[in-house]
Amino acid sequence: MRGFSFGTLTLAILSQMSFAATYPPGFVEKQVGAGLISPAGMDFAPDGRLFIGQQKGQIRLVKNDTLLTAPVINFQSKVDYNTERGVTGIALDPNFATNGYIYVYYTAKAPTSHNRLSRFTVTGDVADTTETILFDLPTLPTRDGGTFTSINVSGTTTLAVWHMGGGLV
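Oh and the sequence shown: position 167 is 166 in numbering that gives the first Met the number 0, straight run, nothing missing.
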């Protein structure tokens, strides 16, 4: 019991400490996006805007260091966000500046819970609610649904999917 008490005390002390970070020249630390709920993936647009996926099915936008009040898109009614499910990754198309494509990997509710990769089109700071479903994956167990990694400059999509410690890329 004594070890437990010491460990608990140590954890309590460390959780209250603040550690100063050292950055290379030209780097700064700045908090943006205060007020996000369960962020689960982000990507920068060429113009500096930051798109952030939230687990429950919203894509939010940080513009000029400010989190905009309205989401870029809200598709929460389609999302199963139980446990680790929900939006798990987003990526902007390499040609985002001209086509406005944003890709979202999430767990869809219907017809049964399963993972889905979809594309939406952003114009300005708002996405069209039309969803282009690129593909659906079969139903997975209640946890560990995977994550959407990236789209590279050649347009190749990388999607990592795992279950209970096993993986498939």
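Every residue, glycine too, gets a C-beta built ideally from N, C-alpha and C.
None of the values given here were measured: they were computed from a predicted structure.
Say whether chain D places a C-beta atom closer than 8 Å to the C-beta of E28.
Of the protein chains in the structure, only one exists, and it is not chain D.
By alpha-carbon positions, which one of R115, A69, N98 ends up nearest to T87?
As a first step, residue 87 is located in the sequence shown; it is residue number 88 there, counting from the start. Looking at the Cα atoms, R115 is the closest of the given residues.
In terms of residues, what are the limits of the beta strand (DSSP E) holding T129?
Indexing the sequence shown from 1 puts residue 129 at position 130. Note, T129: premise wrong, no beta strand (DSSP E); not H, not E.
Could you tell me the alpha carbon to alpha carbon distance between T120 and G52, rounded to whole angstroms?
For this step, residue 120 is matched to residue 121 along the sequence shown. For this step, residue 52 is matched to residue 53 along the sequence shown. Taking the straight line joining both Cα atoms gives about 15 Å.
Check each candidate in A69, D135, I36 and name the one with the smallest Cα separation from S112.
For this step, residue 112 is matched to residue 113 along the sequence shown. Comparing Cα-Cα distances from S112 to each of A69, D135, I36, the minimum goes to D135.
Kindly indicate the opening and closing residues of the beta strand (DSSP E) around A107.
Numbered from its first residue, the sequence shown carries residue 107 at position 108. Segment 100-107, the beta strand (DSSP E) holding A107.
Out of curiosity, what's the CA-to-CA distance linking A39 and R59?
Position 40 of the sequence shown, counted from the start, is the residue given in the question as residue 39. Position 60 of the sequence shown, counted from the start, is the residue given in the question as residue 59. Answer to the nearest angstrom: the Cα atoms are 11 Å apart.
Residues near T9 by beta carbon distance below 8 Å, same chain, minus five either side:
As a working note, residue 9 is residue 10 in the sequence shown. A caution first: T9 carries a pLDDT of 46, below 50, which makes its placement in the model unreliable, though a value can still be read off. Closer than 8 Å at the Cβ level, and outside the excluded window around T9, lies no residue.
Would you decide whether I72 is buried or exposed? Buried here means 16 or more other CB atoms lie within 10 Å of its CB.
Walking along the sequence shown from the start, residue 72 turns up at place 73. It counts as buried.
Status (buried if at least 16 other CB within 10 Å, exposed otherwise) for A69:
Counted from its first residue, the sequence shown places residue 69 at position 70. Note on A69: under 16 other CB atoms within 10 angstroms of its CB, so exposed under the neighbour-count rule.
To the nearest angstrom, report how far apart A20 and Q54 are at their CA atoms.
In the sequence shown, residue 20 corresponds to position 21, counting from 1. In the sequence shown, residue 54 corresponds to position 55, counting from 1. It is roughly 29 Å from the alpha-carbon of A20 to the alpha-carbon of Q54.
Secondary structure at P93, three-state DSSP: helix, strand or coil?
As a position in the sequence shown, residue 93 is number 94, starting the count at 1. Looking at P93 - three-state DSSP - the assignment turns out to be coil, as it is neither helix nor strand.
Apart from the five residues on each side of it in sequence, which residues of its chain come closer than 8 Å, Cβ to Cβ, to G56?
Stepping through the sequence shown from its first residue, residue 56 is reached at position 57. Cβ neighbours of G56 beyond the five flanking positions: N73, F74, Q75, S76, K77, V78, Y80, G85, V86, Y105.
Three-state secondary structure (DSSP) of L10
Position 11 of the sequence shown, counted from the start, is the residue given in the question as residue 10. Per-residue confidence for L10 stands at a pLDDT of 45, beneath the threshold of 50, marking its modelled position as unreliable; no derived number is given.
Taking just the CA atoms, how far does K29 sit from Y102?
To locate residue 102, count along the sequence shown from 1; it is residue 103. To locate residue 29, count along the sequence shown from 1; it is residue 30. Near 27 Å, if we compare the C-alpha coordinates of K29 and Y102.
Under a three-way DSSP split, which group does S117 fall into?
Position 118 of the sequence shown, counted from the first residue, corresponds to residue 117. Of the three classes helix, strand and coil, the one that applies to S117 here is strand, per DSSP.
For T82, the nearest candidate out of R118, P137, S37 (CA to CA)
Taking the sequence shown and counting its residues from 1, the one referred to as residue 82 is at position 83. Nearest C-alpha to T82: S37.
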